[in-house]
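When you line the sequence shown up against the numbering used here, it's residues 105 to 308, in that order.
From the three backbone atoms N, C-alpha and C, an ideal C-beta is built for every residue, glycine too.
Everything on this sheet refers to the single structure shown next.
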Amino acid sequence: MNFLAHVYLSDDIPKRQIGNFIADAVKGQLYQAYEDEIRLGILLHRKIDTFTDAHPFFRQSVRRLFDKFRHFSPVIVDMFFDHFLAKHWHKFHSVPLEQFVDSFYTSLKQHESVLPERTHRMLPFLFSENWLCQYQDVLGLKTILIQMDKRTQNKSMMRFATESLETDYESYQADFFNFMPEIQQFVANTLDEIKHNIKCNNVN
Numbered sequence: 105m106n107f108l109a110h111v112y113l114s115d116d117i118p119k120r121q122i123g124n125f126i127a128d129a130v131k132g133q134l135y136q137a138y139e140d141e142i143r144l145g146i147l148l149h150r151k152i153d154t155f156t157d158a159h160p161f162f163r164q165s166v167r168r169l170f171d172k173f174r175h176f177s178p179v180i181v182d183m184f185f186d187h188f189l190a191k192h193w194h195k196f197h198s199v200p201l202e203q204f205v206d207s208f209y210t211s212l213k214q215h216e217s218v219l220p221e222r223t224h225r226m227l228p229f230l231f232s233e234n235w236l237c238q239y240q241d242v243l244g245l246k247t248i249l250i251q252m253d254k255r256t257q258n259k260s261m262m263r264f265a266t267e268s269l270e271t272d273y274e275s276y277q278a279d280f281f282n283f284m285p286e287i288q289q290f291v292a293n294t295l296d297e298i299k300h301n302i303k304c305n306n307v308n
């Protein structure tokens, strides 16, 4: 899952959203430097990624791309799934996407002091180009994928990924809709375990 899905799966709890958003920039045990709710978001992000990468519907989408995009395929499917979440947002959340994203951007600004340097460097682009809302249409998704491709010196070929998406759009969308209830249930089931582990670490 990519940024939008991780923020969405954080139960509208601002500090948990922050943790879920910054998790890729927080390596190893460094998460322990944060307060509990941000730590929960970081650990939840890691569990979501592990669950997603092994999930049959996600892997099915990856296989469609693998011959062309090789090890970049899972990253591209993450982006595809964020596209479908944004496009069908009204089926998953009662708050309109633009309002939800604006609220999250405000929260990011309020918590700038705790954001890792890697996240800080990304924020101007996130805000100015409104990445989380850009996912809604294929053209916006392509714009972001082009930027990501440039960061790999165009080795990933991600700029061409939307062509693959449009060729087999219904299949990718079906994988997304089959996957979402299962990741939502996984998150609900795993939260108590993470909270318990954080509590135990605090005691120790």
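> How big is the Cα-Cα spacing for leucine 236 and lysine 172?
Replying inline: Numbered from 1 along the sequence shown, position 132 holds the residue referred to as residue 236. Numbered from 1 along the sequence shown, position 68 holds the residue referred to as residue 172. Going from the Cα of leucine 236 to the Cα of lysine 172 covers about 26 Å.
>> Does isoleucine 117 come out as helix, strand or coil in the three-state DSSP assignment?
In response: Counted from its first residue, the sequence shown places residue 117 at position 13. It is coil, neither helix nor strand.
>> Report the CB separation of isoleucine 250 from glutamine 238 in whole angstroms; it is logged as a contact under 8 Å.
In response: Start at 1 with the first residue of the sequence shown, and residue 250 comes out as number 146. Start at 1 with the first residue of the sequence shown, and residue 238 comes out as number 134. Not quite, the Cβ-Cβ distance comes to about 12 Å (not below 8 Å), so this is no contact.
> Between the beta-carbon of leucine 146 and the beta-carbon of glycine 132, is there less than 8 Å?
Replying inline: Translated into the one-based positions of the sequence shown, residue 146 becomes position 42. Translated into the one-based positions of the sequence shown, residue 132 becomes position 28. Per the sequence presented here, residue 146 reads as isoleucine, with leucine not at that position. Their beta carbons are not under 8 Å apart, which means isoleucine 146 does not touch glycine 132 by this criterion.
> alanine 129 and threonine 266: beta carbons closer than 8 Å?
Replying inline: Indexing the sequence shown from 1 puts residue 129 at position 25. Indexing the sequence shown from 1 puts residue 266 at position 162. For alanine 129 and threonine 266, no; Cβs fall outside 8 Å.
> Does the distance from the CB of phenylalanine 155 to the CB of isoleucine 287 come in under 8 Å?
Replying inline: In the sequence shown, residue 155 corresponds to position 51, counting from 1. In the sequence shown, residue 287 corresponds to position 183, counting from 1. Result yes, Cβ atoms of phenylalanine 155 and isoleucine 287 sit closer than 8 Å.
> Which two residues bound the contiguous alpha helix (DSSP H) that contains tyrosine 112?
Replying inline: Taking the sequence shown and counting its residues from 1, one reaches residue 112 at position 8. Counting along the chain, the alpha helix (DSSP H) containing tyrosine 112 begins and ends at 107-112.
> Using the beta-carbon count (16 or more within 10 Å), is proline 395 buried or exposed?
Replying inline: Because the chain in this structure spans residues 105 to 308, residue 395 falls outside the shown range and cannot be described.
>> Between the segment 160-169 and the segment 187-204, can you find at least three pairs of beta-carbon atoms closer than 8 Å?
In response: The answer is no - the segment 160-169 does not touch the segment 187-204, with fewer than three Cβ pairs under 8 Å.
> Once you ignore the five residues that flank lysine 151 on each side, which residues in its own chain have a CB closer than 6 Å to its CB?
Replying inline: Taking the sequence shown and counting its residues from 1, the one referred to as residue 151 is at position 47. Result list for lysine 151: Thr294, in chain order.
>> Closest to leucine 212 by C-alpha separation, out of Lys195, Leu230, Phe280, His197, would be which residue?
In response: Counted from its first residue, the sequence shown places residue 212 at position 108. Out of Lys195, Leu230, Phe280, His197, the CA that lies nearest to the CA of leucine 212 is found in Leu230.
>> If I measure Cβ to Cβ from histidine 197 and keep anything under 8 Å in the same chain, skipping five residues before and after, which residues do I get?
In response: Taking the sequence shown and counting its residues from 1, one reaches residue 197 at position 93. Around histidine 197: Tyr112, Phe204.
>> Among the candidates Phe208, Gln289, Asp182, whose CA atom is the shortest distance from the CA of aspartate 157?
In response: Position 53 of the sequence shown, counted from the first residue, corresponds to residue 157. The option with the nearest alpha carbon to aspartate 157 is Asp182.
>> Taking the straight line between their C-alpha atoms, what separation do you get for arginine 263 and histidine 300?
In response: If you number the sequence shown from 1, residue 263 lands on position 159. If you number the sequence shown from 1, residue 300 lands on position 196. Cα to Cα, arginine 263 sits roughly 42 Å from histidine 300.
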